[in-house]
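Some notes on the structure that comes next.
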């Protein structure tokens, strides 16, 4: 899967690269329940939150509640976390995928 600079952030591309290298299938920027999500990995939704997300916590809670009602497990990481240690983020995602 090719994620272009024009339609993604650097941390999103960094996380996508780790997922691709580890052969974890995913969909990028998918609409679920009328809301756009960053990554879909089976029933796990991974969001890479920038500063603008942190300002909209109430909206994010509603989105998470909707995703949970639809049977998804939302998982959030900050862009800073992904940039600092994408492998650790991957390990957390992989652990959750193995549990589900």
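Residue numbers (our numbering): 187 to 286.
Every residue gets a Cβ at the ideal spot worked out from N, C-alpha and C, and that includes glycine.
- If one requires a minimum length of 3 residues, the beta strand (DSSP E) runs lying completely within the region 239-265 are 259-264, in chain order.
- Separation of residue 252 and residue 219 (C-alpha to C-alpha, rounded to the nearest whole angstrom) is 7 Å.
- Comparing alpha-carbon positions, the option among 192, 226 and 274 lying closest to residue 210 turns out to be 226.
- In the three-state reduction of the DSSP assignment, residue 280 falls in the helix class, which pools H, G and I.
- With 16 or more other Cβ atoms inside 10 Å of its own Cβ, residue 198 counts as buried.
- Contact annotation, residue 233 with residue 260: C-beta distance approximately 7 Å; criterion of less than 8 Å satisfied.
- Collapsing the DSSP output to three states places residue 217 in a strand.
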